[in-house]
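To start, the structure under review is shown below, and the notes come after it.
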Amino acid sequence: MANTTAMLEIAEAEILGDRKAASLRRRRRRRRSADRKGVVLRTIVAIVVAAIVVFPLYWMVVVAFSPRGEVFEPGLRLWPSTLTMENFEKVFDRVPVVAWFGNSVVIGLFVTALTVIVNLLAGYAFARLRFRGRNAVFLLVLSTMMIPVQAIMVAQFKLVTGLGVYGTYWGVILPASAAAFGIFLARQFFIGIPDEIVEAARIDGAGHLRIFLQVVLPLCKPLIAVLTLLTLMGSWNDFAWPLIALNDNELFTLPIGLLYLQNQTAPDYNAIMALALISVLPMVLLFLFFQRYFVQGFARSGIK
Amino acid sequence: MTTTTARGRESAPAPTRPRAARRAARFKESLVGWGFTAPNLVLMTMFLFVPMVWALVLSFQDTQGFGDPEWVGAANYATLVSDPVFWRSLFNTLVFTAATVPIELAGGLGLAVLLNSVLPARGVFRTIIVLPMVISGVASGMIAVILFYESNGLINKVLVATGLDPVAWQSQGGPAMVSVVIAAIWLRIGFNMIIYLAGLQNISPEMYEAARIDGASRWQQFRSVTVPLVGPSTFFLLIMNVIASFQVFDLIFVMTGGGPGNATSVLGTYAYRNGFQIREQGYGAAIGIVILIITLIFTYIQWKTSRTRDLAE
Numbered sequence: 001m002a003n004t005t006a007m008l009e010i011a012e013a014e015i016l017g018d019r020k021a022a023s024l025r026r027r028r029r030r031r032r033s034a035d036r037k038g039v040v041l042r043t044i045v046a047i048v049v050a051a052i053v054v055f056p057l058y059w060m061v062v063v064a065f066s067p068r069g070e071v072f073e074p075g076l077r078l079w080p081s082t083l084t085m086e087n088f089e090k091v092f093d094r095v096p097v098v099a100w101f102g103n104s105v106v107i108g109l110f111v112t113a114l115t116v117i118v119n120l121l122a123g124y125a126f127a128r129l130r131f132r133g134r135n136a137v138f139l140l141v142l143s144t145m146m147i148p149v150q151a152i153m154v155a156q157f158k159l160v161t162g163l164g165v166y167g168t169y170w171g172v173i174l175p176a177s178a179a180a181f182g183i184f185l186a187r188q189f190f191i192g193i194p195d196e197i198v199e200a201a202r203i204d205g206a207g208h209l210r211i212f213l214q215v216v217l218p219l220c221k222p223l224i225a226v227l228t229l230l231t232l233m234g235s236w237n238d239f240a241w242p243l244i245a246l247n248d249n250e251l252f253t254l255p256i257g258l259l260y261l262q263n264q265t266a267p268d269y270n271a272i273m274a275l276a277l278i279s280v281l282p283m284v285l286l287f288l289f290f291q292r293y294f295v296q297g298f299a300r301s302g303i304k
Numbered sequence: 001m002t003t004t005t006a007r008g009r010e011s012a013p014a015p016t017r018p019r020a021a022r023r024a025a026r027f028k029e030s031l032v033g034w035g036f037t038a039p040n041l042v043l044m045t046m047f048l049f050v051p052m053v054w055a056l057v058l059s060f061q062d063t064q065g066f067g068d069p070e071w072v073g074a075a076n077y078a079t080l081v082s083d084p085v086f087w088r089s090l091f092n093t094l095v096f097t098a099a100t101v102p103i104e105l106a107g108g109l110g111l112a113v114l115l116n117s118v119l120p121a122r123g124v125f126r127t128i129i130v131l132p133m134v135i136s137g138v139a140s141g142m143i144a145v146i147l148f149y150e151s152n153g154l155i156n157k158v159l160v161a162t163g164l165d166p167v168a169w170q171s172q173g174g175p176a177m178v179s180v181v182i183a184a185i186w187l188r189i190g191f192n193m194i195i196y197l198a199g200l201q202n203i204s205p206e207m208y209e210a211a212r213i214d215g216a217s218r219w220q221q222f223r224s225v226t227v228p229l230v231g232p233s234t235f236f237l238l239i240m241n242v243i244a245s246f247q248v249f250d251l252i253f254v255m256t257g258g259g260p261g262n263a264t265s266v267l268g269t270y271a272y273r274n275g276f277q278i279r280e281q282g283y284g285a286a287i288g289i290v291i292l293i294i295t296l297i298f299t300y301i302q303w304k305t306s307r308t309r310d311l312a313e
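In C-alpha cells:
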C-alpha cells in the first residue's frame with residue numbers, strides 16, 4: 001500500500017520534472033523496504049530469544065506433568081506422553097506443602113508489611129524533613145545495601161539464637177526487614193511531591209504524622225504498589241537466610257522445602273518440578289497481573 | 001533535578017516569626033525526623049550493624065558454635081592465605097563474574113535495543129524476557145539441574161541428536177562452571193534489559209535523526225549514539241552485576257554444591273560450608289569479611305564516580 005503510494009509520488013514528481021525530489025523519494029522508498037526487512041529480521045530474532053528464555057519454564061511444567069522418569073528416557077520428547085497429576089499427589093503426600101506455602105505467605109506478608117511501613121517512614125523523613133545528621137544517616141542506610149549476606153550470616157545466626165527467636169517466624173522476619181532497598185525509591189518519590197500540597201496541610205495545622213498519613217500516602221499508591229511487590233517477591237524467593245534461620249521442616253518456606261525434597265534419597269525430579277511449579281506460580285501470576293509496577297520498580301532503581 | 005525542589009523548599013523565606021519560635025519549630029522537626037527514621041534504624045542496628053561488628057570479632061576467634069570461643073588473633077586469616085580451597089573459590093568467583101557480567105551487559109543492551117525498535121507484539125516479548133526475574137534462584141537451579149542432567153538430560157539429548165558429543169555437565173569442572181554461568185545469565189538478563197530500556201527512553205530521537213542526516217549507518221548510530229548515552233545505565237548495571245556475581249549463592253548451592261571437586265566452589269558457598277556445614281564459624285566469618293571487603297571496594301568505586309553522591313548532596 002505505502003509502497004504503491006510512494007511509487008505514484010515518484011512518477012508524479014518525474015512527470016513534473018522534479019528530479020531531485022524524485023531521487024529523494026526513491027531513497028526513502030528503499031529505506032522503507034529495508035525497514036520492513038529489518039522488522040521481519042528483528043521479529044525472528046525476538047522470537048528465538050523469547051523461546052530460549054521461556055523454554056526452561058515450559059520444561060518445568062512438562063516435567064511436573066510427566067510420568068516419573070519419562071524425560072530421562074532415551075529419545076527426544078518435548079512433551080509428556082500422558083498428562084499426569086501423580087507428581088503433585090506424591091508431593092502433597094510426602095512433604096507438608098500446605099504448611100510450607102502458608103509459611104511463605106505468612107513470612108512474606110509480615111516482611112513486606114514491616115519493610116514497607118518502615119521504608120516509607122524513613123523515606124519521607126529523608127526526603128521532606130530537616131534534621132541534623134540526615135545526609136550522613138541516609139548514606140549509612142544506603143551503604144547497607146552492599147553488605148553481603150555471607151559476611152554477616154554467622155553473626156546473624158548467633159544473634160537470633162541469642163534472642164531466642166531461632167527457628168521461628170520472627171527469626172526470619174526481623175532480619176529480613178532490615179532492608180534499605182525501599183528507602184531509596186521512597187525518598188525519590190517523596191521528593192517529587194509538590195511542596196504546595198504539604199505546605200497547605202501545614203498551614204491548616206496538620207502535624208507531620210498527619211500530613212504523612214492523610215496527605216502524602218494517598219498520593220503514593222504507585223510507590224506503595226512497587227515497594228509491596230518487590231519486597232514480597234524478594235521475601236518469597238529468599239533462600240540463604242531462611243535456610244540458616246529455620247530448622248524445623250514444618251516451618252520451612254517453599255524454597256527451603258524444595259531443597260529438602262531434593263535432598264531426600266533418590267531425588268524424584270518430577271516431584272521436585274511439581275513443587276517448583278507450586279512455588280513459582282504465585283509470583284508469576286502476580287507479575288503478569290502487576291507487570292507495570294514490577295517493571296517500574298526495577299526501572300526506577302536504576303534511574304539516575 | 002528533583003533535589004532542587006527540595007532545596008527550594010528549604011530556602012523558602014521563613015514567615016516573620018520570632019527567632020525562639022523558629023528554633024522550637026526546627027527542633028520539633030528534628031525530633032519528628034528522627035522519630036520517622038527510628039524504626040528503620042533500630043532494625044538496621046540490630047540486624048545489620050551489630051552482626052557486622054560481631055562478624056569481625058568472630059573472624060578473630062575459633063568457635064564451633066558450642067563451648068567458649070577462643071581468641072586466635074589473625075589465625076583464621078593466616079589459614080585462609082594457605083587454604084587452596086579458599087583460593088580456588090576466589091578464583092572461581094572471579095571467573096564466574098568475568099563470564100557473567102559482560103554477557104549480561106551486552107545481552108541486556110542488545111535486547112533493549114531490539115525491544116525498543118519497531119516490532120510487532122513488543123510487550124509480549126518484553127514480558128517473556130523479564131519473567132525469569134521473578135523465579136527464585138532455587139527453582140531456577142532445580143530446572144537447570146534437570147536440563148543439564150548429564151545422562152539423558154534434555155540438553156545432552158539435543159547435542160547427541162545434532163551429532164555432537166554429550167557434555168559432562170556434572171562430572172567435569174569446566175562444563176559445570178559453564179552450566180551455572182548460563183543459568184545465572186538466564187536469571188539476570190531481564191533486569192539488565194529493563195534498566196537499559198529505561199536508559200534508551202531518555203535518549204531523544206533527534207540524536208538519531210542528526211546522526212542519520214550525517215549519514216551514519218545503523219551500527220555507527222549504535223556505537224556513537226546509543227552506547228555512550230546509556231553510559232549511566234551501564235555503570236549502574238556493572239556495579240549491580242559485579243556485586244550480585246560476587247555474592248552468588250543459591251544457584252550454585254543448588255546446581256552443583258560447589259562441585260565437582262571444588263570446581264564451582266565460590267566465596268559464598270565456601271563461607272556457608274565453613275559456617276554451617278563444617279561449623280568452623282570463626283573461619284566462615286573470616287571468609288565473609290573478605291567478601292565484604294571486596295564488595296566495599298566496589299562500593300567505594302561507585303561512591304567516587306556515580307550518582308550516590310549527588311543524590312545525598
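Line order of the protein sequences matches chains E and Z.
In terms of the UniProt record's numbering, the first sequence opens at residue 1 and continues consecutively.
In terms of the UniProt record's numbering, the second sequence opens at residue 1 and continues consecutively.
The beta-carbon is built from N, C-alpha and C at its ideal position, and this holds for glycine as well.
In whole angstroms, what is the alpha-carbon distance linking residue i and residue j?
i: GLY231 (chain Z); j: ASN87 (chain E); result: 48 Å
i: ALA122 (chain E); j: GLY215 (chain Z); result: 51 Å
i: PHE246 (chain Z); j: THR93 (chain Z); result: 6 Å
i: THR110 (chain E); j: ALA21 (chain Z); result: Reading the sequence as shown, one finds Phe at residue 110 (chain E) and not Thr. Cα to Cα, the separation comes out at about 41 Å.
i: THR308 (chain Z); j: LEU229 (chain Z); result: Residue confidence for THR308 (chain Z) is low, a pLDDT of 45 falling below 50, so the modelled location carries little weight and cannot support an answer.
i: ILE47 (chain E); j: MET193 (chain Z); result: 16 Å
i: GLY108 (chain E); j: ASN40 (chain Z); result: 18 Å
i: GLY137 (chain Z); j: PHE131 (chain E); result: 41 Å
i: ARG210 (chain E); j: VAL280 (chain E); result: 39 Å
i: VAL160 (chain Z); j: PHE148 (chain Z); result: 13 Å
i: MET142 (chain Z); j: VAL63 (chain E); result: 11 Å
i: ILE191 (chain E); j: ALA244 (chain Z); result: 29 Å
i: VAL145 (chain Z); j: ASN152 (chain Z); result: 12 Å
i: THR45 (chain Z); j: VAL97 (chain E); result: 35 Å
Here's the rule I'm using: 16 or more other beta-carbon atoms within 10 Å means buried, otherwise exposed. How should residue i be labelled?
i: PHE157 (chain E); result: buried
i: MET133 (chain Z); result: buried
i: TYR124 (chain E); result: buried
i: SER81 (chain E); result: exposed
i: MET145 (chain E); result: exposed
i: SER33 (chain E); result: exposed
i: SER179 (chain Z); result: buried
i: THR299 (chain Z); result: buried
i: THR269 (chain Z); result: buried
i: VAL40 (chain E); result: exposed
i: LYS221 (chain E); result: exposed
i: PHE252 (chain E); result: buried
Does the separation of the CB atoms of residue i and residue j fall below 9 Å?
i: TYR196 (chain Z); j: LEU109 (chain Z); result: yes
i: ARG42 (chain E); j: LEU111 (chain Z); result: no
i: PHE212 (chain E); j: ASP250 (chain Z); result: no
i: VAL71 (chain E); j: TYR269 (chain E); result: yes
i: PRO67 (chain E); j: THR84 (chain E); result: yes
i: SER140 (chain Z); j: LEU187 (chain Z); result: yes
i: PRO282 (chain E); j: TRP236 (chain E); result: yes
i: VAL154 (chain E); j: GLY67 (chain Z); result: no
i: GLY297 (chain E); j: LEU230 (chain E); result: yes
i: ALA136 (chain E); j: GLN188 (chain E); result: no
i: ILE203 (chain Z); j: GLN302 (chain Z); result: no
i: PHE257 (chain Z); j: ALA271 (chain Z); result: Note on residue identity: the sequence assigns Gly, not Phe, to residue 257 (chain Z). No. Outside cutoff.
i: ALA263 (chain Z); j: GLY173 (chain Z); result: yes
i: residue 321 (chain E); j: ILE224 (chain E); result: With chain E covering 1 to 304 only, the question about residue 321 (chain E) has no answer from this structure.
Worksheet item: Name the residues in the region 223 to 248 of chain E whose C-beta lies less than 9 Å from a C-beta of chain Z; which are they?
Response: Flagged, chain order: MET233, TRP236, ASN237, ASP238, PHE239, ALA240, LEU243 and ILE244.
Worksheet entry | Interface residues of the region 134 to 155 of chain Z facing chain E [CB-CB below 8 Å] | Result list: VAL134, ILE135, SER136, GLY137, VAL138, ALA139, SER140, MET142, ILE143, ALA144, VAL145, ILE146, LEU147, TYR149, SER151, ASN152, GLY153 and LEU154.
Discussion item. For the pair the region 130 to 146 of chain Z and the region 284 to 293 of chain E, tell me if three or more CB-CB distances fall below 8 Å.
Written reply: Yes, since at least three Cβ pairs between the region 130 to 146 of chain Z and the region 284 to 293 of chain E fall closer than 8 Å, the two stretches touch.
Discussion item. Three Cβ pairs or more, each shorter than 8 Å: is that satisfied between the region 87 to 96 of chain E and the region 201 to 216 of chain E?
Written reply: As far as the Cβ criterion goes, the region 87 to 96 of chain E does not touch the region 201 to 216 of chain E, which means the pair count is below three.
Fill in: Contacting positions in the region 38 to 57 of chain E - beta carbon closer than 9 Å to chain Z
Under the 9 Å Cβ criterion, the region 38 to 57 of chain E contributes GLY38, VAL39, ARG42, THR43, VAL45, ALA46, ILE47, VAL49, ALA50, ALA51, ILE52, VAL53, VAL54, PHE55, PRO56 and LEU57.
Practice prompt. Below 8 Å between beta carbons is the criterion; list the residues of the region 266 to 296 of chain E that meet it against any residue of chain Z, in chain order.
Written response: Residues TYR269, ILE272, MET273, ALA276, SER279, VAL280, MET283, VAL284, LEU286, PHE287, LEU288, GLN291, PHE294 and VAL295.
Worksheet item: Got a sec: which bits of the region 213 to 237 of chain Z sit with their beta carbon under 8 Å from any beta carbon on chain E, in order along the chain?
Response: For the region 213 to 237 of chain Z, which is checked against every Cβ of chain E, the residues closer than 8 Å are PRO232, SER233, PHE236 and LEU237.
Item to complete: Name, going along the chain, the residues of the region 116 to 135 of chain E whose beta-carbon falls closer than 8 Å to a beta-carbon of chain Z.
Response: Closer than 8 Å at the C-beta level to chain Z, one finds these residues of the region 116 to 135 of chain E: ILE117, VAL118, ASN119, LEU121, ALA122, TYR124, ALA125, PHE126, ALA127, ARG128, LEU129, ARG130, PHE131, ARG132, ARG134 and ASN135.
Worksheet entry | Inter-stretch contact (C-beta, 8 Å, three-pair minimum) for the region 163 to 178 of chain E and the region 198 to 207 of chain E | The region 163 to 178 of chain E makes no contact with the region 198 to 207 of chain E; the number of CB pairs closer than 8 Å stays below 3.
Worksheet item: What residues in the region 144 to 169 of chain E bring their beta carbon closer than 8 Å to a beta carbon of chain Z?
Response: Under the 8 Å Cβ criterion, the region 144 to 169 of chain E contributes THR144, MET146, ILE147, PRO148, VAL149, GLN150, ALA151, ILE152, MET153, VAL154, ALA155, GLN156, PHE157, LYS158 and LEU159.
Worksheet item: Going along the chain, which residues of the region 282 to 295 of chain Z sit with their C-beta nearer than 7 Å to a C-beta in chain E?
Response: Hits within the stretch, in order: GLY284, ALA285, GLY288, ILE289, ILE291, LEU292 and THR295.
Discussion item. Beta carbons nearer than 9 Å to chain Z: which residues of the region 173 to 188 of chain E have them?
Written reply: So the list reads LEU174, PRO175, ALA176, SER177, ALA178, ALA179, ALA180, ILE183, PHE184, ARG187 and GLN188, given in the order they occur along the chain.
Item to complete: Output, in sequence order along the chain, the residues in the region 155 to 167 of chain Z whose CB is closer than 8 Å to any CB in chain E.
Response: Those would be LYS157, VAL158 and ALA161, in chain order.
Fill in: Near-chain Z residues of the region 250 to 262 of chain E (beta-carbon distance less than 7 Å), N- to C-terminal order
The residues in question are PRO255, LEU258, LEU259 and GLN262.
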